[in-house]
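Okay, so here's the structure we're looking at.
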Amino acid sequence: GGGPNRIGQGIEFDYCCVHAALAMREDGYETIMVNCNPETVSTDYDTSDRLYFEPVTLEDVLEIVRLEKPKGVIVQFGGQTPLKLARALEAEGVPIVGTTPDAIDRAEDRERFQQMIHKLDLLQPPNAIVRSSEEAIGAAAGIGYPLVVRPSYVLGGRAMEIVYREEELLRYMRDAVQVSEDAPVLLDYFLSSAIEVDIDAVSDGENVVIGAIMQHIEQAGIHSGDSACALPPYSLPEDVQNDMRDVVKAMAVELNVKGLMNVQLAWQDGKIYVIEVNPRASRTVPFVSKCIGTSLAKIAARCMVGMSLPDQNFTREIIPAYFSVKEAVLPFNKFPGIDPILGPEMKSTGEVMGVGDTFAEAYAKAELGASDPIPTSGTAFLSVRDPDKPGIASVAQGLINCGFKIVATGGTAQLIEDAGLPVERVMKVKQGRPHIVDMIKNDQIDLIVNTTEGRQAIADSSTIRSSAEQHGVYYTTTLAGGQAVCMALAQAGEIKVRRLQELHKRNV
Numbered sequence: 003g004g005g006p007n008r009i010g011q012g013i014e015f016d017y018c019c020v021h022a023a024l025a026m027r028e029d030g031y032e033t034i035m036v037n038c039n040p041e042t043v044s045t046d047y048d049t050s051d052r053l054y055f056e057p058v059t060l061e062d063v064l065e066i067v068r069l070e071k072p073k074g075v076i077v078q079f080g081g082q083t084p085l086k087l088a089r090a091l092e093a094e095g096v097p098i099v100g101t102t103p104d105a106i107d108r109a110e111d112r113e114r115f116q117q118m119i120h121k122l123d124l125l126q127p128p129n130a131i132v133r134s135s136e137e138a139i140g141a142a143a144g145i146g147y148p149l150v151v152r153p154s155y156v157l158g159g160r161a162m163e164i165v166y167r168e169e170e171l172l173r174y175m176r177d178a179v180q181v182s183e184d185a186p187v188l189l190d191y192f193l194s195s196a197i198e199v200d201i202d203a204v205s206d207g208e209n210v211v212i213g214a215i216m217q218h219i220e221q222a223g224i225h226s227g228d229s230a231c232a233l234p235p236y237s238l239p240e241d242v243q244n245d246m247r248d249v250v251k252a253m254a255v256e257l258n259v260k261g262l263m264n265v266q267l268a269w270q271d272g273k274i275y276v277i278e279v280n281p282r283a284s285r286t287v288p289f290v291s292k293c294i295g296t297s298l299a300k301i302a303a304r305c306m307v308g309m310s311l312p313d314q315n316f317t318r319e320i321i322p323a324y325f326s327v328k329e330a331v332l333p334f335n336k337f338p339g340i341d342p343i344l345g346p347e348m349k350s351t352g353e354v355m356g357v358g359d360t361f362a363e364a365y366a367k368a369e370l371g372a373s374d375p376i377p378t379s380g381t382a383f384l385s386v387r388d389p390d391k392p393g394i395a396s397v398a399q400g401l402i403n404c405g406f407k408i409v410a411t412g413g414t415a416q417l418i419e420d421a422g423l424p425v426e427r428v429m430k431v432k433q434g435r436p437h438i439v440d441m442i443k444n445d446q447i448d449l450i451v452n453t454t455e456g457r458q459a460i461a462d463s464s465t466i467r468s469s470a471e472q473h474g475v476y477y478t479t480t481l482a483g484g485q486a487v488c489m490a491l492a493q494a495g496e497i498k499v500r501r502l503q504e505l506h507k508r509n510v
């Protein structure tokens, strides 16, 4: 199991554990579950044959193994918590089934991972591994800013940040992490306008089948657990998707994956970059299984105990005949005053799914399910960072077509005027009153598209986002989110509800 629920590790991993246990029981194996979370299905008395209500730590697991003498131990379904134990368990002679601990280490250890990327002739963003502040400054000068910085081996993107200048990097190295020889810090060049893609695949060691390709709606740099994503991709060219399939299959074969694998890729300037590879179940597996009508966790569990994919009659990717959108549920209303901006550190505590014949319908439903219904008219406030400015006029046009009145701050307003669209100027918080936050507090704003970059700009605009959260104003902090809202509004109408069983029949 995955241990206690917390921000960054939710119930998705529990779903995988439960389905794996059910598949093993159906095949006549006796199953033993180790988990310590009373709120989950995996700790129900009838999920497995035996339940050990123990913390998922090396000492406790070894004690259970000594007592039970199992034929095999599965570590890849509970997220990062059990995965970290793989190497130590193997050293103690515990039989790990599925992907070997060495292959897991090849994907997790940065230096070994780079060797694999070079061997397969793939690309990854320029990066470096540093063990001191001086080393970090030197490496950053070589790579260039902005950078994504993070400690090695973390889940949920904890202590991860995007830095835009040298002084921000120094502050991070000084305050956020304790860097040392054993605890290096990773620097990656930040692909600021890339389309990010999540791919789940299942392999039996020889055959690899793609479970799904999901396109993130927010751009790269937002944690994959917080980003809304669409299945199948809604704007990614078909040839790029095929290239991505080849990349994933090559890595699965090279790592000799048995079971599940998750890959995050980014597409920018016509090139595919490998962001990360996880040789385990990912938090998108339940969503994918719901969309395609086949439990990937069950198939993967059977692969681990020696059944091939052709034996299970799962040999080709199922591409749904409809769109599904997964949207994160964020707990900001429970933390008044906190800045509700998304970044590389995970903040969501749940997720919902919307299904529709078009991407726009599915997105509108997902937002509704996440209790963020998109307003259909009123006043929209737009203020975006420089790299997003070329795309803002089309968002303004889309909102005006749906009956919105536009207000914007200086630079953004100028661009909208230049495009020949009506716009009312409003002051930034530091420019005098009445400013944008006053308008939000007076309930004069119904929708906000506000993107920022750089520590100072994010701090300056945090009052806009926290006031919007307190006053129940719909807002998005990315341009891609703004574009998706326009698409959803253009399709607005009566929402149809469909039965999941009928949808799955369409996939056959």
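Note that this note's numbering has the sequence shown beginning at 3, numbered continuously upward.
Glycine included, C-beta positions come from ideal geometry on N, C-alpha and C.
The three-state secondary structure of D107, taken from DSSP, is helix. If you compare the alpha carbons of R427, K260, C404 with that of T414, the shortest gap goes to R427. Under the three-state reduction of DSSP, S237 is assigned to coil, being neither helix nor strand. Annotation: S135 is outside any beta strand (DSSP E); the continuous alpha helix (DSSP H) that includes it extends over 135 to 145.
Going by beta carbons, K300 and A90 fall outside the 8 Å limit.
Residue range 14 to 28 is occupied by the alpha helix (DSSP H) that includes D16. Three or more beta-carbon pairs separated by less than 8 Å are not found between the stretch 187 to 196 and the stretch 280 to 291, which leaves the two stretches without contact. DSSP, read as helix, strand or coil, puts C488 in helix.
In the DSSP annotation of this structure, P84 is not part of any beta strand (DSSP E); the continuous alpha helix (DSSP H) holding it starts and ends at 82 to 85. Using a Cβ-Cβ distance cut-off of 8 Å, the stretch 40 to 50 and the stretch 64 to 76 are not in contact, since fewer than three pairs of beta carbons, one from each stretch, lie closer than that value. Pairing E504 with G261, the inter-Cα distance amounts to about 29 Å. Counting the other Cβ atoms within 10 Å of the Cβ of N444 gives fewer than 16, which makes it exposed.
DSSP, read as helix, strand or coil, puts Q11 in strand. DSSP places E353 inside the beta strand (DSSP E), whose first and last residues are 352 to 358. Looking at the DSSP output, A303 bridges to nothing. Pairing I460 with T454, the inter-Cα distance amounts to about 6 Å. A distance below 8 Å separates the beta carbons of P322 and I294.
In the displayed model, Y275 falls within a strand according to three-state DSSP. Take A138, set aside five residues on each side of it, and the residues of its chain with a beta-carbon closer than 7 Å to its own are V132, L171, M175, V187, L189, in chain order.
Rounded to whole angstroms, Y477 and A22 show a C-alpha spacing of 39 Å. The three-state reading of DSSP puts D202 in strand, counting E and B together.
Residue D448 holds the alpha-carbon nearest to the alpha-carbon of H473 among M489, R457, D448. V409 places its beta carbon 8 Å or farther from that of T465.
E208 and V255 have their alpha carbons spaced roughly 7 Å apart. Of the other Cβ atoms in all chains shown, fewer than 16 fall within 10 Å of the Cβ of L502; this residue is therefore exposed.
Between G345 and I164, the CB-CB gap stays under 8 Å. With a cut-off of 8 Å on Cβ pairs, the stretch 476 to 493 is in contact with the stretch 372 to 389, counting three or more such pairs.
For the stretch 403 to 481, the full-length beta strand (DSSP E) segments reaching 3 residues or more read 406 to 410, 449 to 452, 476 to 478 along the chain. Among the bridge pairs identified by DSSP, Q217 is matched with V199, A232.
Here R282 has Q78, L85 as same chain residues with Cβ atoms under 6 Å from its own Cβ, once five neighbours each way along the sequence are excluded. By alpha-carbon distance to L423, the top candidate from Q117, A398, D16 is A398.
Looking at D51, T411, L257, W269, the one whose alpha-carbon comes closest to that of P127 is W269. Collapsing the DSSP output to three states places S284 in coil.
The beta carbon of V204 is closer than 8 Å to those of V210, V211, G213, G261, L262, M263, L298, I301, A302, C305, L311, F316 in its chain, skipping five residues each way along the sequence. In the DSSP annotation of this structure, R173 is not part of any beta strand (DSSP E); the continuous alpha helix (DSSP H) holding it starts and ends at 168 to 173.
DSSP places A88 in the helix class (H, G or I) of the three-state scheme.
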